[in-house]
Structure formats: structure tokens, C-alpha cells
Amino acid sequence: NPDHVHVLVSDYVFSIGRGNSGELLKQQGDNVESVLARELRKRGFSTLVLKFSSDFDGTYYVESKGGGNGSAVPVHGIRRPYYMMIFGDRGRVRQLEQFFKVSRFQAYSGFVAIGYFLQPGGPAPEAKLVRKHRVGDFAIAEPATRLVINKAVADSGDFQFAVAVNLEGVKVDEQYLTNPANYELPDNYRLAAIEKNNDPTNMSLQGFTHVLLIRTNDLKPVQQVYIRLKSNIPKWVYTGSTMDDSNPADTTQQKQTFGFQYLFEGMDQAYKDKYKNMDLFTLNAEVSEMGEDATSGGGGHSSFPWIPVAVVGLIVVLVIWIKNKR
1 NPDHVHVLVS DYVFSIGRGN SGELLKQQGD NVESVLAREL RKRGFSTLVL
51 KFSSDFDGTY YVESKGGGNG SAVPVHGIRR PYYMMIFGDR GRVRQLEQFF
101 KVSRFQAYSG FVAIGYFLQP GGPAPEAKLV RKHRVGDFAI AEPATRLVIN
151 KAVADSGDFQ FAVAVNLEGV KVDEQYLTNP ANYELPDNYR LAAIEKNNDP
201 TNMSLQGFTH VLLIRTNDLK PVQQVYIRLK SNIPKWVYTG STMDDSNPAD
251 TTQQKQTFGF QYLFEGMDQA YKDKYKNMDL FTLNAEVSEM GEDATSGGGG
301 HSSFPWIPVA VVGLIVVLVI WIKNKR
């Protein structure tokens with residue numbers, strides 16, 4: 001029902017009933033991609049994947065040994081992962097996601113992690129240039145929200161500038177936001193750090209949640225520097241997936257789910273089939289070694305004194321006209 005949010009709870013052990021072949025699991029993941037992509041073509045919807053952990057007493061069926069009764073292992077006093085998948089309209093799912101971000105939920109002892117498949121769209125986050133933690137020197141073209149840097153000068157080959165950004169509306173968790181590996185920049189730039197703004201007294205950063213430090217040792221004369229937050233598969237998906245679940249009492253295996261990465265990868269590929277660009281946001285900054293007049297491309301102000309010259313010219317024309325009238 002497109003008017004509802006749907007919740008599916010399962011252990012999501014990715015069982016195929018034929019052992020632990022990676023190739024077979026990949027094929028099963030491809031089937032998930034096909035089914036989900038077909039549904040996404042009919043109507044758009046977003047998906048949240050939440051991982052939890054719970055005490056478990058009972059029977060565990062070892063999938064790496066084929067699953068079924070022949071692989072049953074009685075266990076007591078262990079923990080096992082389970083998952084909640086939430087499907088629904090982007091707006092409704094994002095309201096739920098906002099709830100999952102609050103500290104009260106994050107402190108719930110059973111919660112482990114969250115993954116997102118959100119329909120793209122929406123405005124880019126508010127951002128502005130600041131002179132915090134700069135390396136080298138530069139001038140910020142006003143207003144700072146233009147994200148234009150002029151007169152950039154490196155210091156011993158290194159150059160760094162900072163962008164204050166409001167990521168409150170970006171519906172992913174803090175761990176994902178602050179991982180530089182989830183961002184993409186030009187080859188000659190890197191994200192040196194992502195700082196959370198925890199200083200309410202800093203007036204220049206009011207309304208901004210994070211500061212991105214952008215660094216290069218290859219400063220170009222003029223360059224457009226894009227900063228993209230990619231929709232990557234979270235690291236917890238891979239650390240929480242296993243092909244060997246033969247010892248369910250093992251402390252590491254208690255945190256893992258057989259074949260889970262293949263299920264998640266199938267879902268991820270289905271969304272990429274539907275939405276070619278799954279970036280969560282993109283910011284574009286311009287960095288130039290020249291002044292603004294030289295980089296304005298005709299849209300800025302020239303250094304030539306056109307106004308005084310025009311005034312003088314107008315006076316000369318007026319004098320000539322008066323003489324002719326006489």
C-alpha cells in the first residue's frame with residue numbers, strides 16, 4: 001500500500017539451502033536486485049535497514065553446512081543479530097529516520113547500525129566558506145555562501161580551506177557523515193577532516209552542524225572542487241556478514257549473519273539501477289589563484305575605471321554639443 005510504511009523483521013540469514021558457495025549467493029543477490037528493481041520501476045520508495053542484537057536460546061541452523069535439520073546446533077545464552085527493514089514513501093520514511101537519529105534511540109542497547117536506500121532529491125545543504133584551520137592563504141568572495149575562493153596561495157605546497165555545512169537535513173547517521181571514505185572529491189583534493197560543530201558560542205558557525213576541511217598539495221590556477229557524499233554500502237554490512245557460521249557460540253560469529261552482504265548488495269544495485277545518481281548531496285566550490293576580477297568570466301567587475309572614463313566622455317560630448325548649439 002503506497003500510503004503506508006511497511007516493516008519486515010527477520011534474521012535475514014541469506015539461506016539458499018545449498019551450502020556456502022559465494023557464486024550461488026551472488027546469484028541469489030542478483031535475484032534480489034531483479035525483484036526490487038522491478039518494483040522500483042512501478043513506484044518509487046525508500047528503504048531503511050536497521051540491525052539489532054538480541055539474546056538467543058534455541059536452535060541455530062548452520063548455513064555453511066547446508067542448513068536444514070542436519071546442521072542444527074542447540075545454543076543457549078548467546079546473542080544473535082536480527083534486522084528490521086522499513087519500506088515506504090520518501091517523506092514518511094525520512095520522518096522515521098529522523099526519529100532513529102535522536103539520542104534516546106541511539107542509546108537503546110539492542111540497536112547496532114542503520115543503512116539507507118533513500119530516493120534522491122531535495123536541495124543541497126546550506127554551506128559557506130570559513131577561515132577556520134586554513135593552510136596557506138586566500139580571500140573569500142562575498143557572500144561566503146557562493147563558495148568562491150580567490151587569491152589562493154599554498155604554504156610549502158599545501159593548501160587547505162574549510163566549508164561549514166548544515167547536515168541536519170541529510171538523513172544518515174553521524175558515523176556515516178563523519179567518515180571521509182564516504183565522500184568523493186577531485187583526484188588532487190582530499191577530505192582532511194570532518195568536525196562536528198559543538199561550540200554554540202561561535203556566531204560564525206551558528207546554523208551549521210559540521211566543518212569540512214578540504215586539502216590539496218596540488219593547487220591549480222583555477223579549479224572547480226566538488227564535494228559529494230556518496231551512497232556507499234556501510235562498513236558494518238561487511239563486518240557483520242560471514243560465509244562461516246559453523247560455530248554460533250563464537251563471539252565474532254554471534255555478531256554476524258550468513259551471506260548478509262549479498263542480500264544488501266542486491267538491494268544496493270537495484271536502487272542504482274533505478275536512480276543513476278544516488279549521491280546524498282553535492283557541493284561545488286571554486287578555487288582560484290587569481291583575484292575575483294580575473295575569474296569572474298564577465299560577470300564580475302573589471303579593474304579598468306570604466307565609470308570615471310564614461311563620466312569624462314559624457315562631459316566632453318556635452319561641451320561639444322553646447323558649442324555646436326552656439
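Taking the numbering used here, the leading residue of the sequence shown gets 1, the next gets one more, and so forth. Ideal Cβ positions, reconstructed from N, Cα and C, are used throughout, including at glycine. All figures in this text were calculated on a predicted structure; none of them were measured in a lab.
Taking 7 angstroms as the threshold (C-beta atoms), are residue j and residue i in contact?
i    : j    : result
N166 : E195 : no
S53  : G110 : yes
N182 : D218 : no
L129 : I140 : yes
V62  : V75  : no
N150 : S288 : yes
Q261 : V237 : yes
Y116 : V172 : yes
L24  : G259 : no
Please state the DSSP three-state secondary structure of residue i.
i    : result
I233 : coil
V332 : Outside the modelled stretch of the chain, which goes from 1 to 326, sits residue 332, for which no answer is possible.
L25  : helix
N198 : coil
P204 : In the sequence on display, residue 204 carries Ser and not Pro. Of the three classes helix, strand and coil, the one that applies to S204 here is helix, per DSSP.
Y189 : strand
M85  : strand
Q95  : helix
Q119 : coil
G77  : strand
S302 : The predicted model places S302 with a pLDDT of 40, which falls under 50 and marks its position as unreliable, so this point remains unresolved.
V148 : strand
R90  : helix
V5   : coil
S53  : strand
I330 : Coverage of the chain is limited to positions 1 through 326, which leaves residue 330 absent and any answer about it impossible.
Y108 : coil
S246 : coil
V170 : coil
T251 : coil
Note down the Cα distance separating residue i from residue j, rounded to an integer number of angstroms.
i    : j    : result
S204 : A162 : 13 angstroms
D3   : T242 : 36 angstroms
E174 : L50  : 15 angstroms
A124 : H210 : 14 angstroms
G66  : I227 : 46 angstroms
N1   : F87  : 10 angstroms
D199 : E33  : 44 angstroms
P186 : T59  : 51 angstroms
T295 : A152 : Low confidence applies to T295: its pLDDT is 47, below 50, so where it sits in the model is not reliable, and the reading given next is rough at best. Whole-angstrom Cα-Cα distance: 12 angstroms.
E184 : R104 : 32 angstroms
P248 : Q27  : 25 angstroms
K230 : G70  : 43 angstroms
G297 : H133 : Any reading at G297 must be qualified, since the residue scores a pLDDT of 43, below 50, and its modelled position is unreliable; the value itself is stated next. Those two C-alpha atoms are separated by around 30 angstroms.
G300 : L213 : Unreliable positioning characterises G300 in this predicted model, as indicated by a pLDDT of 40, which lies under 50. The coordinate reading is nonetheless provided below. Going by the C-alpha atoms only, they are around 27 angstroms apart.
S302 : I114 : In this prediction, S302 scores a pLDDT of 40, lower than 50, which makes its location untrustworthy; the coordinate-derived value is nonetheless stated afterwards. Cα to Cα, S302 sits roughly 52 angstroms from I114.
R190 : P180 : 9 angstroms
L40  : L48  : 15 angstroms
N197 : N31  : 43 angstroms
R38  : G44  : 11 angstroms
F99  : Q106 : 10 angstroms
Y108 : K42  : 36 angstroms
T252 : L96  : 30 angstroms
G29  : E286 : 41 angstroms
E142 : G91  : 35 angstroms
For residue i, tell me which candidate among the options has the shortest Cα-Cα distance.
i    : options                : result
M278 : L118, I140, H133       : L118
P221 : L24, M290, G157, Q27   : M290
F56  : R43, M267, G77, L36    : G77
G266 : L8, I16, V35           : V35
H6   : V93, A72, Y61, A192    : V93
E168 : E39, R41, F281         : F281
V135 : G259, G91, A192        : A192
G68  : N31, Q98, S15          : S15
G157 : R215, S71, S64         : R215
L263 : D245, V172, G240, G44  : G240
D137 : Q160, P143, L24, A113  : Q160
Q269 : N232, N179, F100       : N232
K255 : N197, T201, N202, V112 : V112
For residue i, which residues of its own chain have a beta-carbon under 8 angstroms away from its beta-carbon, when the five flanking residues on both sides are left out?
i    : result
D11  : R80, P81, Y82, Y83, T257
N284 : L147, Q224, V225, Y226, I227
T178 : I194, K196, H210
Could you name the residues of the same chain whose beta carbon sits closer than 7 angstroms to that of residue i, not counting the 5 residues immediately before and after it, in chain order?
i    : result
S272 : At residue 272 the sequence reads Lys, which differs from the Ser that was named. Excluding sequence neighbours, K272 sits near M278.
Y176 : N182, P234
A154 : G136, L219
D89  : P2, F45
Using a Cβ-based criterion (distance less than 6 angstroms to any ligand heavy atom), does residue i qualify as near the ligand HEM?
i    : result
T201 : Looking at this structure, you won't find the ligand HEM or any other ligand, since it has none at all.
Tell me which same chain residues have a C-beta within less than 6 angstroms of the C-beta of residue i, skipping the five on either side of it?
i    : result
T145 : K128
Y275 : P120
I315 : none
V9   : M84
A164 : K128, V130, L205, F208, V211
S64  : N20, D244, D245, S246
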